[in-house]
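Working notes, structure below.
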Amino acid sequence: MPKKDLAEILISDENEREKKIHELLRDRRSLNINIEMSKRLTTGQKAADKMAEFAGSWKFIIFFMLLVFSWGIINTKWILENPFDPYPYVFLNLVLACISSIQAPIIMMSQNREAQKERLRAENEYLINMKSEIILEDLHMRIDNILQRQRLLEDELEHLIGLIGALRQEIALGREKDGEKNTGGEESRLYNRYNK
Numbered sequence: 001m002p003k004k005d006l007a008e009i010l011i012s013d014e015n016e017r018e019k020k021i022h023e024l025l026r027d028r029r030s031l032n033i034n035i036e037m038s039k040r041l042t043t044g045q046k047a048a049d050k051m052a053e054f055a056g057s058w059k060f061i062i063f064f065m066l067l068v069f070s071w072g073i074i075n076t077k078w079i080l081e082n083p084f085d086p087y088p089y090v091f092l093n094l095v096l097a098c099i100s101s102i103q104a105p106i107i108m109m110s111q112n113r114e115a116q117k118e119r120l121r122a123e124n125e126y127l128i129n130m131k132s133e134i135i136l137e138d139l140h141m142r143i144d145n146i147l148q149r150q151r152l153l154e155d156e157l158e159h160l161i162g163l164i165g166a167l168r169q170e171i172a173l174g175r176e177k178d179g180e181k182n183t184g185g186e187e188s189r190l191y192n193r194y195n196k
């Protein structure tokens, strides 16, 4: 495959992911993959899942051990005069082979669905992580903006404090030169104006 085609596929895949991320950002809830998958299952798929679940349980193992053991006991000469499946138990082997030949594809179908669930779950987790990353990035930008404003306000406040200090010095110098009577009442007005 040429590099150009691969790049186009990656770009289109990235664009599709971006669209999904924007949809996720608009949608405030996360997907529950189990619920989403159970909505799509047909009756046959549900039955296959139940059979695969039973086939992978201790109940199944105990049941088959009891079946084989019972089959062996029933088909011995000392219980039945003419056993229907005598000792090498050919019919039992045929039944077990048929069960395993049916059971294997059913288990494979169930495993394929589980793999599909895992793929969907991984994609959902990826989108949620991307959503979280975008939200965190947005929060970082907002915090940086707030910190920048705070620095500007601090600089402005320092400048105003410097101006107030300079005005106080001017007032104090004016008082010393002209005396207190000559301020014309400006001192209290200036003091109140800058200390509000």
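With UniProt numbering as the guide, the letters of the sequence shown map in order to residues 1 to 196.
The C-beta atom is built at its ideal place from N, Cα and C for all residues, glycine as well.
Could you tell me if residue i is buried or exposed, where buried requires 16 or more neighbouring beta carbons within 10 angstroms of its beta carbon?
i: residue 77; result: exposed
i: residue 48; result: buried
i: residue 110; result: buried
Can you give me the C-alpha to C-alpha distance between residue i and residue j, rounded to a whole angstrom?
i: residue 134; j: residue 125; result: 14 Å
i: residue 70; j: residue 52; result: 24 Å
i: residue 88; j: residue 75; result: 10 Å
i: residue 100; j: residue 121; result: 31 Å
i: residue 16; j: residue 127; result: 11 Å
i: residue 159; j: residue 32; result: 56 Å
i: residue 106; j: residue 57; result: 15 Å
i: residue 114; j: residue 144; result: 44 Å
i: residue 64; j: residue 43; result: 26 Å
Would DSSP call residue i helix, strand or coil?
i: residue 43; result: helix
i: residue 106; result: helix
i: residue 138; result: helix
i: residue 177; result: helix
i: residue 89; result: coil
i: residue 16; result: helix
Which residue comes first and which comes last in the alpha helix (DSSP H) that contains residue i?
i: residue 72; result: 58-74
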